[in-house]
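Chemist: Questions regarding the structure given below will be posed in turn.
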Amino acid sequence: MAKTKTHTRFVCQQCGRVSASYMGKCPQCGAFDSMLEEVVHDESTVKKSAANVRGLSGRSEPQPISKVGGEAEERVPLAIGEFARVLGGGIVPGSIVLVGGDPGIGKSTLMLQMAMEMAKTQKVLYVSGEESERQIKMRAVRLNDKKLPEQLLLVTETSLEVILNHVRASQPDLLIVDSIQTVYLSEIDSSAGSVSQVRECSSQLRELAKSSGVSVFMIGHVTKEGNIAGPRVLEHIVDTVLYLEGDRFQAYRLLRSVKNRFGATSEVGVFEMREGGLSEVTNPSEAFLAERLVNAAGSSIAVTMEGTRPILVEIQGLTSPTQFGNARRTANGVDFNRLLLITAVLTRRVGLKLAEQDVFVNVVGGIQIDEPAADLAIAAAIASSWKDLPVKADVVFIGEIGLAGELRMPSQMVARLKEAQKLGFKTAIVPKAIRVGEAYPKGIEIIEVRSLDQALDVALKKS
Ligand code: TYD
Ligand code: MG
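What follows is the structure, given as structure tokens:
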């Protein structure tokens, strides 16, 4: 047996940058105190790289581009429509997918639901490093108490070597690893969840997927900075990155694809967390508007794009006289700085006296809006509350606000207007088009305005 030499190195847990000595600040990503010492066995690294070269030369063969198969990837259909949509149609055999999200948001629930669905036709192995088989079974019963699928195998395991043995023995079509932060390789000395472990384990899972055609889904926890275990570390290893988002105290969940080698990114699936698991919301706009109080002051409707999908959401605004000196601004579901900008424009360009008012903005349904096309609706909700005049119930607002109080055209106007019209809205207040593009849909009255001032004049008429 060859002698193994060991040495230590320091690895940034954020970006994976390796350094020979400790550094307080990572020179690559700028994170502070993120370097962790890890022990490296020289022998195993040498062996591994040799194996990699052999593996490559054994499998690949250059061929003319015209001979390369160009058919669309075959996909295994997935009966959960909203999920399939985000994946780009179905599950691609041999692909590796990362599902990220905050703790408690519903990742394990979603994966188990998928596993139970797929197990009707395929063999599925669900590996959990977080919960016992009993706990998973109890969840499965909660999701579907009728009949548990025979082809769904459960195991609680954290050693990747053992997991790979289970895969070899049981030959599943689909492997789910819950979560990548709990599995480890014994040849790496750092603890489970560290960048080295996460990177090495996911590389091996990727090898497994590519060489055997098993589809692999792995769950990844989001760190408090909002990244999956050191951001760039995992994203280039996997084919697809999905995030499950939502407010933990609200029922709606958005499944978003941020990277997809087999489909469009920025696709969004909408779910609602219920007693029996995540249920699909095929018409999100209707769901988000369901509890709306018609003709109440301080409410307006925005049309936001989630990927390629227009979604109508209610924005609520409330102004209330400041009690203790400093006026407060509270944003829930919209960017705080965006709210500051909008209140400043309302104060300076429209003349609303908001300096001594607390301003609250809330997006109903717990979703987060991060595009400026909702500016106009936010401004309308605040102005409506301040003036105590309701916006008519069948009006939508679409437009970005500039610092001079001018309105700017957001992208995908036609798709937004079509969705509003489909849901029965009669009027849309939008920025004046400078270039004439695709024709606006019929059946919804379009009021074009140049400035925020004009928009509010139209929207908040005393009747
Ligand atoms: P879970 O899938 O365990 O979250 P994660 O794996 O992302 O940490 O989901 C946790 C929450 O979902 C938990 O608070 C309970 C809730 N839940 C339901 O509301 N209904 C259900 O049917 C299930 C299974 C969970
Ligand atoms: Mg979980």
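First residue of the sequence shown? That's 2 in this note's numbering, and the numbers climb one at a time after it.
Just so you know, even glycine gets a beta-carbon here, dropped at the ideal spot from N, CA and C.
1. Which one or two residues does DSSP pair with residue 183 in a beta bridge?
2. Around the C-beta of residue 125, are 16 or more other C-beta atoms found within 10 angstroms, so that it is buried, or is it exposed?
3. Count the CB pairs spanning the stretch 130 to 141 and the stretch 99 to 107 that are closer than 8 Å, and state whether there are at least three.
4. Run through DSSP, which three-state label would residue 232 get?
5. How close, in whole Å, do the beta carbons of residue 268 and residue 87 come, if the pair is a contact with beta carbons under 8 Å?
6. Give me, in chain order, the residues of the same chain whose beta-carbon lies closer than 7 Å to that of residue 70; leave out the 5 immediate sequence neighbours on both sides.
7. Do residue 448 and residue 400 come within 9 Å of each other at the CB atom, strictly closer than that value?
8. Report the start-end ranges of each beta strand (DSSP E) in the stretch 382 to 417 that is 3 residues or longer and not cut off at the edges.
9. Give me, in chain order, the residues of the same chain whose beta-carbon lies closer than 8 Å to that of residue 529; leave out the 5 immediate sequence neighbours on both sides.
10. Once DSSP output is grouped into helix, strand and coil, what is the label at residue 15?
11. For the candidate residues 309, 312, 326 and 330, whose alpha-carbon lies nearest to that of residue 319?
12. Could you tell me if the beta carbon of residue 180 falls within a distance shorter than 8 Å of some heavy atom in the ligand MG?
13. Quick check: does the Cβ of residue 134 come within less than 8 Å of any heavy atom belonging to the ligand MG?
14. What are the boundary residues of the beta strand (DSSP E) that includes residue 260?
15. On the DSSP bridge list, what partners appear for residue 429?
16. Counting only the same chain and skipping the five closest in sequence on each side, list residues whose C-beta sits under 6 Å from that of residue 262.
17. Taking 8 Å as the cut-off, is the beta-carbon of residue 159 closer than that to any non-hydrogen atom of the ligand TYD?
18. Let me know the secondary structure DSSP gives residue 352 once reduced to three states.
19. Hey, how far is the Cα of residue 94 from the Cα of residue 218?
20. Assess contact between the stretch 356 to 363 and the stretch 333 to 348, defined as three or more Cβ pairs (one per stretch) separated by less than 8 Å. Is contact present?
21. Specify, as a first and last residue, the run of the beta strand (DSSP E) that residue 97 falls within.
22. Taking the alpha helix (DSSP H) that residue 199 belongs to, which residues open and close that run?
23. Tell me the DSSP bridge mates of residue 238?
24. Measure the C-alpha to C-alpha separation of residue 317 and residue 220 and round it to an integer number of angstroms.
25. Note down the Cα distance separating residue 159 from residue 202, rounded to an integer number of angstroms.
26. Could you check if residue 192 belongs to the surroundings of the ligand MG, using beta carbon to heavy atom distance under 8 Å?
27. Ignore the nearest five residues each way along the sequence and tell me which others in residue 214's own chain have a CB closer than 7 Å to its CB.
28. Residue 113 and residue 85 look like a contact to me (Cβ under 8 Å); what is the Cβ gap, rounded to whole Å?
Modeler: Walking through what the data contain:
1. Looking at the DSSP output, residue 183 shares a beta bridge with no other residue.
2. Burial call: buried.
3. Counting C-beta pairs with one atom in each stretch, the stretch 130 to 141 and the stretch 99 to 107 have fewer than three that are closer than 8 Å, which means they do not touch.
4. Unreliable placement is indicated for residue 232, whose pLDDT of 45 sits below 50; no coordinate value is reported for it.
5. Contact annotation, residue 268 with residue 87: C-beta distance approximately 5 Å; criterion of less than 8 Å satisfied.
6. Taken in chain order, the list of residues that qualify is empty.
7. By the CB criterion at 9 Å, residue 400 and residue 448 fall outside the cutoff.
8. Fully enclosed beta strand (DSSP E) runs of 3 or longer: 396 to 398.
9. Coverage of the chain is limited to positions 2 through 464, which leaves residue 529 absent and any answer about it impossible.
10. Looking at residue 15 - three-state DSSP - the assignment turns out to be coil, as it is neither helix nor strand.
11. From the listed residues 309, 312, 326 and 330, the smallest Cα separation to residue 319 is found for 330.
12. Yes, Cβ of residue 180 sits closer than 8 Å to a heavy atom of the ligand MG.
13. Annotation for residue 134 indicates a beta carbon at 8 Å or more from all heavy atoms of the ligand MG.
14. It spans 253 to 261 - the beta strand (DSSP E) in which residue 260 sits, taken as one unbroken run.
15. Paired residue(s): 397 and 447.
16. Closer than 6 Å at the Cβ level, and outside the excluded window around residue 262, lie 240.
17. The ligand TYD never approaches residue 159 closely enough for any of its heavy atoms to be under 8 Å from the residue's Cβ.
18. Of the three classes helix, strand and coil, the one that applies to residue 352 here is coil, per DSSP.
19. Here the alpha carbon of residue 94 sits roughly 11 Å from the alpha carbon of residue 218.
20. Flag = yes, the stretch 356 to 363 and the stretch 333 to 348 touch.
21. Unbroken beta strand (DSSP E) run through residue 97: 97 to 102.
22. Where residue 199 is concerned, the enclosing alpha helix (DSSP H) stretches over 196 to 213.
23. The secondary-structure analysis by DSSP pairs residue 238 with nothing; it has no beta-bridge partner.
24. Here the alpha carbon of residue 317 sits roughly 34 Å from the alpha carbon of residue 220.
25. Taken atom to atom, the span from the alpha-carbon of residue 159 to that of residue 202 is near 11 Å.
26. Relative to the ligand MG, the beta carbon of residue 192 is positioned no closer than 8 Å to any heavy atom.
27. Within the same chain, and ignoring the five residues on either side of residue 214 in sequence, the residues whose Cβ sits closer than 7 Å to its Cβ are 94 and 95.
28. The Cβ separation is near 17 Å, so there is no contact.
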